[in-house]
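Enquirer:
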Amino acid sequence: MDLKVWNPCAALTMKQSSNVPAFLSKMWTLVEETHTNKIITWKQNGQSFLVLDEQRFAKEILPKYFKHNNMANFVRQLNMDGFRKAVHIDSETVKQERDGPVEFQHPYFKQGQDDLLENIKRKIVQFIVTQVQNNQLVSLKHKRPLL
Amino acid sequence: MDLKVWNPCAALTMKQSSNVPAFLSKMWTLVEETHTNKIITWKQNGQSFLVLDEQRFAKEILPKYFKHNNMANFVRQLNMDGFRKAVHIDSETVKQERDGPVEFQHPYFKQGQDDLLENIKRKIVQFIVTQVQNNQLVSLKHKRPLL
Amino acid sequence: MDLKVWNPCAALTMKQSSNVPAFLSKMWTLVEETHTNKIITWKQNGQSFLVLDEQRFAKEILPKYFKHNNMANFVRQLNMDGFRKAVHIDSETVKQERDGPVEFQHPYFKQGQDDLLENIKRKIVQFIVTQVQNNQLVSLKHKRPLL
DNA sequence: GGCGTTCTAGAATATTCGCGG
DNA sequence: ACCGCGAATATTCTAGAACGC
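Protein chains in written order, with the UniProt record's numbering: chain A, 1 to 147; chain B, 1 to 147; chain C, 1 to 147.
#1: Cβ closer than 7 angstroms: which chain C residues qualify as neighbours of residue 55 of chain A?
#2: According to a CB-to-CB cut-off of less than 8 angstroms, which residues of the region 66-83 of chain C neighbour chain A?
#3: Which two residues bound the contiguous alpha helix (DSSP H) that contains residue 33 of chain B?
#4: By the DSSP assignment, the alpha helix (DSSP H) with residue 62 of chain A in it spans what residues?
#5: What does the Cβ neighbour count give for residue 41 of chain A, buried or exposed, with the cut at 16 atoms within 10 Å?
#6: Nearest-angstrom Cα distance between residue 53 of chain B and residue 23 of chain C?
#7: Our contact map puts residue 51 of chain A next to residue 102 of chain A with C-beta atoms below 8 angstroms; I'd like the distance itself, whole angstroms only.
#8: Can you tell me where the alpha helix (DSSP H) holding residue 78 of chain B begins and where it ends?
#9: Please work out which residues of its chain come closer than 8 angstroms, Cβ to Cβ, to residue 117 of chain C, disregarding the five sequence neighbours upstream and downstream, and give them in chain order.
#10: Helix or strand or just coil, what does DSSP make of residue 28 of chain A?
#11: Is residue 38 of chain C buried or exposed, if buried means 16 or more other CB atoms sit within 10 Å of its CB?
#12: Once DSSP output is grouped into helix, strand and coil, what is the label at residue 50 of chain C?
#13: Under three-state DSSP, which class holds residue 122 of chain C?
#14: Here's the rule: buried if 16 or more other CB atoms are within 10 angstroms of the residue's CB, otherwise exposed. What is residue 18 of chain C?
#15: What's the C-alpha gap between residue 85 of chain A and residue 78 of chain A?
#16: Between residue 149 of chain C and residue 58 of chain A, is the Cβ-Cβ spacing less than 8 angstroms?
#17: In the DSSP assignment, find the unbroken beta strand (DSSP E) run with residue 40 of chain C in it and report its ends.
#18: Which of helix, strand or coil does DSSP assign to residue 140 of chain C?
#19: According to DSSP, is residue 105 of chain C part of a helix, a strand, or is it coil?
#20: Cα separation between residue 45 of chain C and residue 34 of chain C?
#21: So what does DSSP say about residue 110 of chain B, is it helix, strand or coil?
#22: Given that a residue counts as buried once 16 or more other Cβ atoms are within 10 Å of its Cβ, and exposed if not, what is residue 89 of chain A?
#23: Could you give the C-beta distance for residue 62 of chain C and residue 74 of chain C, rounded to a whole number, given that I count them as a contact under 8 angstroms?
#24: Who are the Cβ neighbours of residue 43 of chain A in its own chain at under 6 angstroms, not counting the five residues just before and after it?
#25: Do you know how far the Cα of residue 106 of chain B is from the Cα of residue 121 of chain B?
#26: Looking only at its own chain, which residues have a Cβ that is under 7 angstroms from the Cβ of residue 80 of chain A, when we skip the five neighbours before and after it?
#27: Note down the Cα distance separating residue 67 of chain B from residue 66 of chain A, rounded to an integer number of angstroms.
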């Protein structure tokens, strides 16, 4: 099947359920998508996902779900949501692999369990001053608990 | 002239000058653009601009400059930067006109004077603490002076 | 001439003169290199450089000069040395067919003037102060931008 | 210590949604 | 979707931080 023929409407019409941000819903959907398993797919155990072809992923998959086609932007979103890159070490040479697949994971991002997504909370570090008196900080309000 | 033939290279090769946000540079450029005067153009006095064909503007012009094609988003940005809609009143009926051209204005958005753009400041209400010493607020970095 | 046949040893044998870091010397050399002008080249005025084919640049050019093949790493180095991305106000980005070239610039990175490179200074975080107040840890980051 | 590589976060703008006037 | 706006997410560019050499 030609990838260019694949209609991504399914992704666009999927339910934007509850309070899960669009990024996470789209992310989970596109990893689950079996047509693109050669480009991005779940790892064997379903506990993380692999980007097998970064260039095709960036230029072919990303723009079908998001308003950009840059891998760096995608990674920024992942980190914002607490995903961590799984670093691969070659046990033989004790060197880091090159051109290996990119692997990311999150404790609430699992194969077949989209109900876990709502547990993913964003990291926002900024504090917001609500009141200042006599050069003294009277009260701080932060948008969200850290992490 | 056919719009599809119009070569937007002038706009595409223009670089964002100094510290003016991209939105304002793009805005000013597309209003100045004479090829699209039937859709969006300066008012006679050059003190405000008119959207003459909202549908074509949203669907044809906006996506060439931004990552969307919605008039509402465009208006949101205008309001964020302090632009105000000029309300047209039909003096006969004392009713607001329908389907009339949309007019927006800003004291620093004038025809032929892109140097004024840098005076446009965004409205952001949130303060961010950068340093606290001895229970005293040493420096606040606010994203913007409270207009 | 086939690019794959080109021997990049020239880059490795270039003079590592004075106190210019290897990254800057390599950078300047590979932009000057005429064989790869379809991938990376000086802008017309020689005041900035363009990456015309990001994917080929990352996979073909970068590993010949550095120990990686990731665009993101390359960009990190550029920013570390004070290079700034030139933002274009076009939004050709919505069209995924062809993303515009990436343009970076630095006041001391010019075509034909490798003697300017030694003026490029890194931005280094000099020291970090952590302060204890009321049994609370307040962290103050004193970085020295020094250009 | 400076430099290079890697992963993550900061910060500003941009886009979207929806409320209250 | 009349009008202006708050707020959350999304996109972009740059910087922080850890580590090896």
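Ideal placement from N, C-alpha and C gives every residue a C-beta, glycine not left out.
Expert: On the basis of the supplied data:
#1: 55
#2: 68, 69, 71, 72 and 75
#3: Note, residue 33 of chain B: premise wrong, no alpha helix (DSSP H); not H, not E.
#4: 62-65
#5: buried
#6: 52 angstroms
#7: 4 angstroms
#8: 71-80
#9: 20, 24, 25, 28, 108 and 109
#10: helix
#11: exposed
#12: strand
#13: coil
#14: exposed
#15: 9 angstroms
#16: For chain C, the structure presents residues 1 to 147; residue 149 of chain C sits outside this window and is missing.
#17: 40-42
#18: Only weak support is given to the placement of residue 140 of chain C: the predicted model assigns it a pLDDT of 48, under 50, and the value that follows is read from those uncertain coordinates. If DSSP states are grouped into helix, strand and coil, residue 140 of chain C belongs with the strands.
#19: strand
#20: 16 angstroms
#21: coil
#22: exposed
#23: 6 angstroms
#24: 50
#25: 11 angstroms
#26: 122 and 123
#27: 10 angstroms
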